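Asker: Sharing a structure here in structure tokens format.
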Amino acid sequence: MVATAKIPQRQLFIDGDWRAPALGRRLPVINPTTETSIGGIPAGTSEDVDVAVAATRVALKRNRGRDWSRSPGAVRAKYLRAIAAKVLLSCCFRVQVQQ
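For the sequence shown, UniProt numbering gives the first residue as 1, with consecutive numbering after it.
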């Protein structure tokens, strides 16, 4: 007997808030061993990306971008590495889902 963990219900984190994707769709997360659904992740759309990019632009204009530009390189690197790790994980997951 295999114990199956459920994936927590997540939303998109945009502009400091958790929100549902614009179209409200979710992608199923399938356990490869049992081939049963163990949860779902938000299916972001280009609309969600546009909202996130707009929020980012507003945030960077705040204080003329000084918050980010005055951060030490080590702090910025920490954030960028974390983002890169999430992107790579997401890409690997998408490849597995599409196969």
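Cβ atoms here follow ideal geometry from the backbone N, Cα and C, with glycine treated the same way.
As the structure is a prediction and not an experimental result, all values here were calculated from the model.
Taking C-beta to C-beta, are isoleucine 41 and lysine 6 nearer than 8 Å?
Answerer: Taking 8 Å as the Cβ cut-off, isoleucine 41 and lysine 6 do not qualify as a contacting pair.
Asker: What does a CB cutoff of less than 8 Å around tryptophan 68 pick up in its chain, not counting 5 residues either side in sequence?
Answerer: Excluding sequence neighbours, tryptophan 68 sits near Leu60, Arg76.
Asker: In the DSSP assignment, find the unbroken beta strand (DSSP E) run with aspartate 17 in it and report its ends.
Answerer: Aspartate 17 -> beta strand (DSSP E) spans 17-19.
Asker: Bridge partners of leucine 27, per DSSP?
Answerer: For leucine 27, which the question treats as bridged, DSSP gives the partners Ile41.
Asker: With a threshold of 8 Å, are at least 3 pairs of Cβ atoms found where one atom belongs to the region 40-54 and the other to the region 17-24?
Answerer: As far as the Cβ criterion goes, the region 40-54 touches the region 17-24, which means the pair count is three or higher.
Asker: Could you please give me the residues that DSSP links to isoleucine 83 through a beta bridge?
Answerer: Its beta-bridge partners do not exist; DSSP assigns none.
Asker: I'd like to check one pair, arginine 25 with alanine 43: are the Cβ atoms closer than 8 Å?
Answerer: Yes, Cβ-Cβ distance for alanine 43 and arginine 25 is below 8 Å.
Asker: Buried or exposed, going by whether 16 or more other CB atoms sit within 10 Å of the CB of leucine 12?
Answerer: Under this definition leucine 12 is a buried residue.
Asker: Name the DSSP bridge partner or partners of isoleucine 7?
Answerer: Isoleucine 7 pairs with nothing; no bridge assigned.
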